[in-house]
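**Student:** The C-terminal position of the sequence shown is numbered 170 in my numbering, with every residue numbered one higher than the one before it. Think of the CB as a built atom: it goes at the ideal place given N, C-alpha and C, for glycine as much as any other residue. Let me begin by handing over the structure; questions about it come next.
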Amino acid sequence: MKVVGSQPATRERIALGLSISEADRARALIDRDRFREAMATTFSTVDVVLTPAMPVDVPPRDGGDDVVALSRRMGQFTYPWSLHDGPTLALPVGFHPPSGMPVGAQLTAVLRREGALSALGEHYQSVTAWHRTVPPHTSDL
Numbered sequence: 030m031k032v033v034g035s036q037p038a039t040r041e042r043i044a045l046g047l048s049i050s051e052a053d054r055a056r057a058l059i060d061r062d063r064f065r066e067a068m069a070t071t072f073s074t075v076d077v078v079l080t081p082a083m084p085v086d087v088p089p090r091d092g093g094d095d096v097v098a099l100s101r102r103m104g105q106f107t108y109p110w111s112l113h114d115g116p117t118l119a120l121p122v123g124f125h126p127p128s129g130m131p132v133g134a135q136l137t138a139v140l141r142r143e144g145a146l147s148a149l150g151e152h153y154q155s156v157t158a159w160h161r162t163v164p165p166h167t168s169d170l
């Protein structure tokens, strides 16, 4: 099977899925269901979960092999929420001191609470200015 993508790193990440066995897929579905059960328990006592959006700073565009390695880590805080059946909203919350690139946080709610999640995001943005601040252009880095 040929994997098509615009960047070699993207093709590499997509191609990883070609080696998943049926047994691995079955285990992943069981783990997904366990995650959803844990989230149901969590959301029985809280309205929203706040988590960071990324564990690392955004890599520089010309970072070579480091970009591929870092890009694998960049989604590790967002991947779990793709297993959750409720909404997640990412918001800017600051900037990384070394690079000046944005830092984000995620708000996640239970299924069908998109309105409450959006209202919370709007409230946050009404008392902060991170969403109005422009990071440096990549040509400036």
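So Leu45 is in the alpha helix (DSSP H); what residue range does that whole segment cover?
**Tutor:** Residue mapping note: residue 45 aligns to position 16 of the sequence shown, counting from 1. First-last for Leu45: undefined, no H or E at that position.
**Student:** Taking C-alpha atoms, which residue in Gln135, His125, Asp114 lies nearest to Gly104?
**Tutor:** Position 75 of the sequence shown, counted from the first residue, corresponds to residue 104. Nearest option by C-alpha distance: Gln135.
**Student:** Please report the Cβ distance between Phe106 and Thr80, rounded to the nearest whole angstrom; I am assuming they are in contact, meaning their Cβ atoms lie under 8 Å.
**Tutor:** Walking along the sequence shown from the start, residue 106 turns up at place 77. Walking along the sequence shown from the start, residue 80 turns up at place 51. With a Cβ gap of about 6 Å, Phe106 and Thr80 count as contacting.
**Student:** Are the CB atoms of Ala119 and Gly129 nearer to each other than 7 Å?
**Tutor:** Start at 1 with the first residue of the sequence shown, and residue 119 comes out as number 90. Start at 1 with the first residue of the sequence shown, and residue 129 comes out as number 100. Not in contact: Ala119 and Gly129 (Cβ atoms no closer than 7 Å).
**Student:** Just the C-alpha distance for Gly115 and Gln154, rounded to the nearest angstrom, thanks.
**Tutor:** Within the sequence shown, the letter at position 86 stands for residue 115. Within the sequence shown, the letter at position 125 stands for residue 154. Whole-angstrom Cα-Cα distance: 21 Å.
**Student:** Which residue spans inside the segment 124-156 form an unbroken beta strand (DSSP E) run of at least 3?
**Tutor:** Segments of the beta strand (DSSP E) lying fully in the segment 124-156: 131-138.
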